[in-house]
Amino acid sequence: MSTKISFNSNSTTTSNSSTSSQCPICNETNIAVLDIYKHIDKCITIYKNIFLNSISNSNNINNNSICSSSNSTTPLTNSQAIKLFNLPNYIIVDIVEIFLNYYANNYHYLVHAINKISLVCKSWKYQLLSKIHIKKRFDMISNQDFQDYKNIIKKGLRMNATSFINELTHFHFVDGDFNLIQEYITDMIFDQNNIAISNLSHFKKLKSLTVINGNSSVFNEISNNLKESQHQQLRDCTIMYSAKDSINLRDLSESFKLSSKQLNRLSLISDKEQSPHLYSFQSLEGLISLSSISIEFISINYNSIISVIQNSTSLKSLELKSITVTSNNDNPQNEIDQLIQSLTNNNTIKQFELSIEALMINSILQESDQVFISISNLIQLLNLNKSLEILKFEINHILKDIISLSRSTINNSTLKHLEIIQSNNRYYTNIYNLWSTNSSLEAIYCNIFKDKIFESIQSNHLHIRKININNHSTSESTVKTLNNIEKLIKLNLNSFKVIDISSKIDLDIESLERFVKSLEYNNRISEINLNCTIPSNILIDIIRINNNSIDKIHCTTIREWSPFSFIQSLASNKSLQFLSICKIDSSTKRETIDDYIDFLIQIINSNQSLLYLSIPPPANTYNYKNYKISVEQKQSLQYALQNNRSILSLDLVSFQSLRQDISYLLKSNFILPLK
Numbered sequence: 001m002s003t004k005i006s007f008n009s010n011s012t013t014t015s016n017s018s019t020s021s022q023c024p025i026c027n028e029t030n031i032a033v034l035d036i037y038k039h040i041d042k043c044i045t046i047y048k049n050i051f052l053n054s055i056s057n058s059n060n061i062n063n064n065s066i067c068s069s070s071n072s073t074t075p076l077t078n079s080q081a082i083k084l085f086n087l088p089n090y091i092i093v094d095i096v097e098i099f100l101n102y103y104a105n106n107y108h109y110l111v112h113a114i115n116k117i118s119l120v121c122k123s124w125k126y127q128l129l130s131k132i133h134i135k136k137r138f139d140m141i142s143n144q145d146f147q148d149y150k151n152i153i154k155k156g157l158r159m160n161a162t163s164f165i166n167e168l169t170h171f172h173f174v175d176g177d178f179n180l181i182q183e184y185i186t187d188m189i190f191d192q193n194n195i196a197i198s199n200l201s202h203f204k205k206l207k208s209l210t211v212i213n214g215n216s217s218v219f220n221e222i223s224n225n226l227k228e229s230q231h232q233q234l235r236d237c238t239i240m241y242s243a244k245d246s247i248n249l250r251d252l253s254e255s256f257k258l259s260s261k262q263l264n265r266l267s268l269i270s271d272k273e274q275s276p277h278l279y280s281f282q283s284l285e286g287l288i289s290l291s292s293i294s295i296e297f298i299s300i301n302y303n304s305i306i307s308v309i310q311n312s313t314s315l316k317s318l319e320l321k322s323i324t325v326t327s328n329n330d331n332p333q334n335e336i337d338q339l340i341q342s343l344t345n346n347n348t349i350k351q352f353e354l355s356i357e358a359l360m361i362n363s364i365l366q367e368s369d370q371v372f373i374s375i376s377n378l379i380q381l382l383n384l385n386k387s388l389e390i391l392k393f394e395i396n397h398i399l400k401d402i403i404s405l406s407r408s409t410i411n412n413s414t415l416k417h418l419e420i421i422q423s424n425n426r427y428y429t430n431i432y433n434l435w436s437t438n439s440s441l442e443a444i445y446c447n448i449f450k451d452k453i454f455e456s457i458q459s460n461h462l463h464i465r466k467i468n469i470n471n472h473s474t475s476e477s478t479v480k481t482l483n484n485i486e487k488l489i490k491l492n493l494n495s496f497k498v499i500d501i502s503s504k505i506d507l508d509i510e511s512l513e514r515f516v517k518s519l520e521y522n523n524r525i526s527e528i529n530l531n532c533t534i535p536s537n538i539l540i541d542i543i544r545i546n547n548n549s550i551d552k553i554h555c556t557t558i559r560e561w562s563p564f565s566f567i568q569s570l571a572s573n574k575s576l577q578f579l580s581i582c583k584i585d586s587s588t589k590r591e592t593i594d595d596y597i598d599f600l601i602q603i604i605n606s607n608q609s610l611l612y613l614s615i616p617p618p619a620n621t622y623n624y625k626n627y628k629i630s631v632e633q634k635q636s637l638q639y640a641l642q643n644n645r646s647i648l649s650l651d652l653v654s655f656q657s658l659r660q661d662i663s664y665l666l667k668s669n670f671i672l673p674l675k
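Numbering-wise, the sequence shown is residues 1 to 675 according to UniProt numbering.
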């Protein structure tokens, strides 16, 4: 009984109801159908070099079909290279599509890859490329970008584009090739500095419009353009406003009602220094398709916010970031209580964020420390609202009512993300301890991981995926934090995947060692982010554990650097895919630049699981301003890259001469720079 699987981005079809299948690329059997997309990505990664070597031997490819070269004389010894070109055409198309989509993040590499594929044969150039759809949009920012994009479209590829229009690039929309790219432009960014917003009617497939440096005429110009033609596909509008003048949304809202009936998201962002006042915020209530509103550094009246919460039936997300709230009430606390009450009664909003930068009472600027939320109102909100999934407050403080805290409990299984930040970046964590039933929270945010938080996780927050700790207290608090992380790791919770620790204080070494040891008892954690300074032996020990589930490690700063032990640990690790070190402490004696290159070559030769690698070069790189990599090192690096079947991105060096010197090696092996 055979099973045929179509590897495309939309569907997987089988000719029977079997739950497993065979990969037509590597011939691996018993692959779960549900895992087929993950497998094909892994398979393409493994056979990357086979594919690249095959397309480089383009003269051996039969010119009559996309993949019919069974007599290829390619020098590859691996028989899979021959199988690649005997695969059905639709699989070849999917392989090339996955390949090109990966490199779409770097346009120089994408153009290089397209040119390589075009040279294979006429069929690949004129038939295969026209079947490829690049999912990422091409960002046309410079004049050269416009030319590159036109060339890509001329080759037959389908790739949508974002067009950046300013006084230097707007002429591209009147040249002879405009019609060629017009239908593919789905996103536009207008720089309103020295250029008016015009001719939107030419772009029938426009889905996203962003205006930067918006001046006082921006709302009228957008309104007039929308009235001239229908933009039924427009989903997203972002206006970055740089003027001091107040904003009135009434005309813009009316234009959206008439011309953009699918508008889904509206964002208004101002400069922090300006904070213009926003009028007619309530006019957005009539946009029945609008599900997301975000405003930032804007002045707005409490009553307007309350009205939108109460009357917008389609609203799913409301983000009010760093706003100045205005009130004519001598006691504005009544209005924030009303705001929380309106949110409590709302049954459509899934995401709500409120961050108050300042308070204006009767046109007089007040200190923001007058803004607070009472704990009783917050508890009531969490108990009664059953639609919110994401809730974030950044507010001066929570008004604590000891009686309410001692008697109250929370019963909420809908909320997934709860983050409350008080002044001085202090997380309010007592709220986590009030749950009386199982929650759906996926993250816990705290400054110190206290015993009570651990107990609440163990009792009621068993679905957490991430713990985020931002410690800026005493060294004693780091011991408590690491001890509770150790206990949490040993619980081996099914959903717990990410540990994120930030600390300006050195972490206790003994506690760190116990933390590392505890990882041996967990087979589910996948990511560790240490935004702090740690000795290199701690990182080395984490890698040496070779925990099959840990595939991503990020460290901000390493001290006491030991490159030889580091290489040994990576050689024995079979699961780590992403490793990033931002900085190696300046007090640590570093290797020479020659040793650094050799050390990287050894890693690439010895480790076959890493996809992404970033290790900073020696800090005294200014001494190597005119450094050139030796012929022997260049050959060794080329050999290492060719024979490593996993590495996809490298951040090798930060100084220009060496980066230029080896850029050809990276590009020829399709290795992307991380930066």
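Ideal placement from N, C-alpha and C gives every residue a C-beta, glycine not left out.
Notebook entry, point to check: Should Gln147 be labelled buried (16 or more other beta-carbon atoms within 10 Å of its own) or exposed?
Noted result: For Gln147, the number of other beta carbons within 10 angstroms of its own is below 16, and it is reported as exposed.
Check: Given Leu180, which residues of its chain have a CB within under 8 Å of its CB, disregarding the five upstream and five downstream residues?
Finding: These residues qualify, in order along the chain: Lys150, Ile153 and Lys154.
Checklist line | For Lys487, the three-state DSSP class (helix, strand or coil) | finding: Lys487 falls in the helix class under three-state DSSP.
Notebook entry, point to check: If we count the other Cβ atoms within 10 Å of its Cβ and call it buried at 16 or more, is Leu343 buried or exposed?
Noted result: Burial call: buried.
Next item on the list: Could you tell me which of Ile340, Lys316 and Lys125 sits nearest to Lys350, measuring between CA atoms?
Entry: Among Ile340, Lys316 and Lys125, the Cα nearest to that of Lys350 is on Lys316.
Margin query: Quick check on the DSSP output: the beta strand (DSSP E) that includes Asp148 runs from which residue to which?
Written below: First-last for Asp148: Asn143 to Lys154, but that is the alpha helix (DSSP H), not the beta strand (DSSP E).
Check: How is the alpha helix (DSSP H) around Asn225 delimited, first residue to last?
Finding: Its alpha helix (DSSP H) spans residues Val218 to Glu228.
Margin query: Tell me the rounded alpha-carbon separation between residue 676 and Pro276.
Written below: With the chain represented from 1 up to 675, any question about residue 676 goes unanswered, as that position is not in the structure.
Item checked: Given Glu442 as reference, the closest of Ile189, Asp585 and His463 once Cα atoms are compared -> Of Ile189, Asp585 and His463, the residue nearest in Cα terms is His463.
Next item on the list: Can you tell me the Cβ-Cβ gap for Asn548 and Ser572, rounded? I've got them flagged as a contact below 8 Å.
Entry: Distance from Asn548 to Ser572 at the Cβ level is roughly 13 Å; contact not present, criterion being Cβ atoms closer than 8 Å.
Notebook entry, point to check: To the nearest whole angstrom, what separates the beta carbons of Leu266 and Leu290, a pair I think is in contact under 8 Å?
Noted result: Confirmed, Cβ separation roughly 6 Å.
Next item on the list: Measure the C-alpha to C-alpha separation of Thr533 and Ser473 and round it to an integer number of angstroms.
Entry: Straight through space, the alpha carbons of Ser473 and Thr533 are spaced by roughly 15 Å.
Next item on the list: State the Cα-Cα distance for the pair Ser70 and Leu168, rounded to the nearest angstrom.
Entry: Note that Ser70 scores 33 on pLDDT, short of 50, meaning its location in the model is unreliable; the coordinates nonetheless yield the value given after this. Answer to the nearest angstrom: the Cα atoms are 51 Å apart.
Item checked: Nearest-angstrom Cα separation, counted from Glu455 out to Gln262 -> Rounded to whole angstroms, Gln262 to Glu455 spans 46 Å at the Cα level.
Item checked: Cross-strand partners of Asp187 (DSSP beta bridge) -> Residue pairing by DSSP places Asp187 opposite Thr162 and Ser208 in a beta bridge.
Notebook entry, point to check: How is His472 classed by DSSP in three states: helix, strand or coil?
Noted result: Three-state result, His472: coil.
Next item on the list: Measure the C-alpha to C-alpha separation of Ile603 and Leu570 and round it to an integer number of angstroms.
Entry: Between the C-alpha atoms of Ile603 and Leu570 there is a straight-line separation of about 7 Å.
Notebook entry, point to check: Can you name the start and end residues of the alpha helix (DSSP H) that Ala104 belongs to?
Noted result: No alpha helix (DSSP H) holds Ala104; DSSP gives it neither H nor E.
Notebook entry, point to check: Helix or strand or just coil, what does DSSP make of Gln127?
Noted result: Gln127: helix per DSSP, three-state reduction.
Check: Whose C-alpha, out of Glu228, Ala243 and Ser630, is nearest the C-alpha of Asn213?
Finding: Comparing alpha carbon positions, the residue from Glu228, Ala243 and Ser630 closest to Asn213 is Ala243.
Margin query: For Lys325, report the span of its beta strand (DSSP E) as first-last.
Written below: The question names Lys, yet the displayed sequence has Val at residue 325. Element bounds for Val325: Ser317 to Ser327.
Item checked: Helix, strand or coil at Ile597 [DSSP, three-state] -> Residue state, collapsed to three classes: helix.
Checklist line | Inter-residue Cα distance where the pair is Leu339 and Ser307 | finding: Straight through space, the alpha carbons of Ser307 and Leu339 are spaced by roughly 9 Å.
Notebook entry, point to check: Taking Ile356 as the reference, which of Lys272, Leu258, Val211 and Asn143 has the closest Cα?
Noted result: When each option's Cα is compared against that of Ile356, the closest is Lys272.
Notebook entry, point to check: Taking DSSP as the reference, what is the three-state secondary structure of Asn425?
Noted result: DSSP places Asn425 in helix when its eight states are reduced to three.
Checklist line | For Glu285, three-class secondary structure by DSSP | finding: Shown here, Glu285 sits in a helix according to DSSP, grouped into three states.
Margin query: Quick test of the definition: if touching needs 3 or more C-beta pairs under 8 Å, does the segment 356–366 touch the segment 379–386?
Written below: Touching, no.
Note to self: Helix, strand or coil, according to DSSP, for Ala113 in the structure here?
What the structure shows: Ala113 falls in the helix class under three-state DSSP.
Margin query: For Gln638, which residues in the same chain have their Cβ closer than 7 Å to its Cβ, ignoring the five residues on either side in sequence?
Written below: Close CB contacts of Gln638 within its chain, under the 7 Å cut and outside five residues either way in sequence, are with Leu665 (chain order).
Next item on the list: Would you identify the three-state DSSP class for Lys261, choosing helix, strand or coil?
Entry: Lys261: coil per DSSP, three-state reduction.
Notebook entry, point to check: With Glu486 and Phe515 assumed to form a contact (beta carbons below 8 Å), what rounded beta-carbon distance in angstroms separates them?
Noted result: For Glu486 against Phe515, the beta-carbon gap comes to about 5 Å, under 8 Å, which counts as contact.
Item checked: Identity of the residues DSSP links to Ser299 by a beta bridge -> The partner list for Ser299 (beta bridge, DSSP) reads His277 and Thr324.
Checklist line | Extent of the continuous beta strand (DSSP E) run through Phe454 | finding: Counting along the chain, no beta strand (DSSP E) covers Phe454; the unbroken alpha helix (DSSP H) around it starts and ends at Asp451 to Asn460.
Checklist line | Residue range of the unbroken alpha helix (DSSP H) whose run includes Ser563 | finding: Strictly speaking, residue 563 in this sequence is Pro, with Ser absent from that position. From DSSP, the alpha helix (DSSP H) with Pro563 extends over Pro563 to Ser572.
Check: Which residues share a DSSP beta bridge with Gln602?
Finding: Bridge partners of Gln602: none, in fact.
Next item on the list: State the Cα-Cα distance for the pair Asn411 and Lys480, rounded to the nearest angstrom.
Entry: Distance between Asn411 and Lys480, taken at the CA atoms: about 28 Å.
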